[in-house]
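Residue numbers (my numbering), protein chains in the order written: chain P, 17 to 118; chain G, 17 to 118.
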């Protein structure tokens with residue numbers, strides 16, 4: 017077994033809650049907090065903590081806008097986040113492939 | 017995005033150190049502690065903690081044997097562990113596939 021793909025897995029993305037959030041954001045332009053929370057059936061606290069970690073890693077950016085007089089914050093992957101996610105998915109693919117070959 | 021595969025990921029296997037250990041055991045009949053540690057370049061403490069968690073989940077069994085008068089403990093996946101790992105890899109494959117389809 018080649019241990020490299022395992023060692024390289026990005027811990028920021030690998031945590032399953034964050035993996036779900038990053039996958040969701042990768043499939044969308046940008047999303048509101050409530051859209052993330054409701055799609056993934058997570059608590060406010062969970063989504064908030066994961067978004068903070070992703071923000072600190074430079075993977076997710078928040079944008080504040082005003083619509084019909086109400087402030088709304090939306091979240092999107094940064095270019096860095098998208099690149100890290102692509103690399104992560106490539107590693108998962110290697111792990112799946114090397115397992116199925118056995 | 018379908019959030020199901022993310023929600024179903026088995027936390028016992030998902031942690032990247034344990035994922036490496038389980039993948040290694042899945043590719044072998046049984047392995048000594050030092051073989052696991054050296055192949056994955058982990059510390060004794062790390063391997064020990066992960067094996068304990070895997071044992072508590074019923075995924076890994078330890079066998080003590082005597083070879084040339086020396087006690088040796090080897091580790092192997094149980095049938096439950098192998099089943100859980102197969103289910104986990106199937107979920108990873110779904111996650112990869114649904115990402116690549118985008």
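For every residue, glycine included, the Cβ atom is placed at its ideal position computed from N, Cα and C.
(request) Kindly list, in the order they appear in chain G, the residues whose Cβ is closer than 8 Å to that of residue 59 of chain P. (result) Residues of chain G passing the Cβ test: none, with the nearest at roughly 14 Å.
(message) Runs of 3 residues minimum, wholly inside the stretch 63-88 of chain P: which ones carry the beta strand (DSSP E) assignment?
(response) 76-83
(request) Give me the Cα-Cα distance between residue 90 of chain G and residue 89 of chain P, rounded to the nearest whole angstrom. (result) 53 Å
(request) Taking residue 27 of chain G as the query, report the chain P residues whose CB atoms sit under 9 Å from its CB, ordered along the chain. (result) 32
(request) Assuming residue 101 of chain G contacts residue 29 of chain G (C-beta within less than 8 Å), just tell me the rounded distance between them. (result) 6 Å
(message) Quick check: residue 40 of chain P and residue 50 of chain P, are their CB atoms within less than 8 Å of each other?
(response) no
(message) Please identify, using Cβ separations under 7 Å, the residues of the stretch 95-116 of chain P that lie next to chain G, in order along the chain.
(response) 105, 108, 109, 111, 112 and 115
(request) At 7 Å on the CB atoms, spell out the chain P contacts of residue 64 of chain G, in chain order. (result) Here the premise fails: no neighbours, minimum Cβ distance about 18 Å.
(request) Quick one: give me the first and last residue of the alpha helix (DSSP H) that residue 94 of chain G is part of. (result) Taken as a continuous stretch (DSSP letters only), residue 94 of chain G belongs to no alpha helix (DSSP H), as it is neither H nor E.
(request) Quick one: grab the DSSP three-state call for residue 36 of chain P. (result) helix
(message) For a quick check, are the C-beta atoms of residue 77 of chain P and residue 92 of chain P less than 8 Å apart?
(response) yes
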